[in-house]
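With this note's numbering as the guide, the letters of the sequence shown map in order to residues 69 to 295. For reference, the structure discussed in these notes is given below.
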Amino acid sequence: MAPSGRSYQISATPAAILAHLIAIAVTTLVLVWLLHFQDGFAFKSLNKLKIFNLHPFLMIVGLIIMGGEAMMAYKTVPGTRRAQKGVHVILHQLALLAGVLGTYVIFKFKHEDGTTKDFVTLHTWLGIITISAYGLQFLLSFFTFLFPEAAAPRKATILPWHVFFGMAIFLLAIGTAETGLVQKSIALKLNLKISQEGLIVNFIGLLISLFGVSVGLSVILPRRGYY
Numbered sequence: 069m070a071p072s073g074r075s076y077q078i079s080a081t082p083a084a085i086l087a088h089l090i091a092i093a094v095t096t097l098v099l100v101w102l103l104h105f106q107d108g109f110a111f112k113s114l115n116k117l118k119i120f121n122l123h124p125f126l127m128i129v130g131l132i133i134m135g136g137e138a139m140m141a142y143k144t145v146p147g148t149r150r151a152q153k154g155v156h157v158i159l160h161q162l163a164l165l166a167g168v169l170g171t172y173v174i175f176k177f178k179h180e181d182g183t184t185k186d187f188v189t190l191h192t193w194l195g196i197i198t199i200s201a202y203g204l205q206f207l208l209s210f211f212t213f214l215f216p217e218a219a220a221p222r223k224a225t226i227l228p229w230h231v232f233f234g235m236a237i238f239l240l241a242i243g244t245a246e247t248g249l250v251q252k253s254i255a256l257k258l259n260l261k262i263s264q265e266g267l268i269v270n271f272i273g274l275l276i277s278l279f280g281v282s283v284g285l286s287v288i289l290p291r292r293g294y295y
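Below you can see the structure in the form of structure tokens.
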């Protein structure tokens with residue numbers, strides 16, 4: 069007797085585990101890049117590059133990694149649905165806070181450095197769109213699913229759109245980070261020759277993309293497979 073189609077379903081667990089491992093690798097590489105090859109980071113410093121370096125750290129490790137972990141909370145956090153929702157919301161709050169602070173930091177750097185202008189590059193445009201969309205998504209979701217909380221039928225109608233726009237904004241954040249890495253590589257002239265710093269920046273970009281794929285799979289796949 070042929071097995072049913074359900075027997076071939078794949079669990080979200082392998083994708084989620086891979087995403088966690090990639091998150092650790094990305095965080096490690098970003099810290100090595102900014103602390104070893106660059107000048108570290110600081111909110112206030114005479115060395116303005118230290119202020120700038122907060123931007124990629126907050127946007128990659130904060131907005132993207134933490135945001136991705138928030139999206140996987142319903143598949144990775146053990147416990148009740150209420151506990152999973154709590155972790156989901158808290159991680160998104162932290163990711164949004166990191167994104168807002170990262171946006172503020174880059175404008176602070178440009179204002180104090182005085183050598184670059186605002187709203188010139190595609191990276192800047194995408195960044196403003198991303199953080200604005202993230203904030204709007206969070207507010208609408210808060211009032212729909214938490215307080216005052218819509219009726220069950222309305223929540224069921226909105227949920228697929230909540231998931232879709234959440235994933236779209238997450239992928240937009242990754243695309244924005246990729247343009248930022250390319251822009252920084254050109255500014256540092258890392259594209260002119262092979263170097264350790266250039267390889268690290270390239271690997272950060274590749275791993276961010278793989279993180280996005282892994283998070284996407286963990287979101288769309290069921291929590292438990294059927295074998």
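The beta-carbon is built from N, C-alpha and C at its ideal position, and this holds for glycine as well. These figures come from a predicted structure and were not determined experimentally.
| query | result |
| --- | --- |
| Outcome for Leu148 when other beta-carbon atoms lying within 10 angstroms are tallied against a minimum of 16 | Checking the sequence, you will find Thr at residue 148 rather than Leu. Exposed. |
| Option in Ile254, Leu207 and Ala110 with minimal Cα separation from Asn270 | Ile254 |
| Euclidean distance between Cα positions of Leu256 and Gln264 | 13 Å |
| Alpha-carbon spacing of Ile119 relative to His191, whole angstroms | 18 Å |
| Stretch-stretch touch, CB-based, cutoff 8 Å, three pairs: the segment 222–241 with the segment 192–207 | yes |
| Cutoff 8 Å; reference Phe102; Cβ partners in own chain excluding five residues on either side | In the sequence as presented, Phe is not what sits at residue 102; that position holds Leu. Closer than 8 Å at the Cβ level, and outside the excluded window around Leu102, lie Gly108, Phe109, Asn121, Pro124 and Phe125. |
| Short Cβ contact (8 Å threshold) for Thr171 with Gly135 | no |
| Whole runs of the alpha helix (DSSP H) within the segment 78–148, excluding any shorter than 4 residues | 81–100, 116–125, 135–139 and 141–144 |
| Residue burial classification, Gly279 (beta-carbon count within 10 angstroms, cutoff 16) | Correcting the residue identity first, residue 279 is Phe in this sequence and not Gly. Burial call: buried. |
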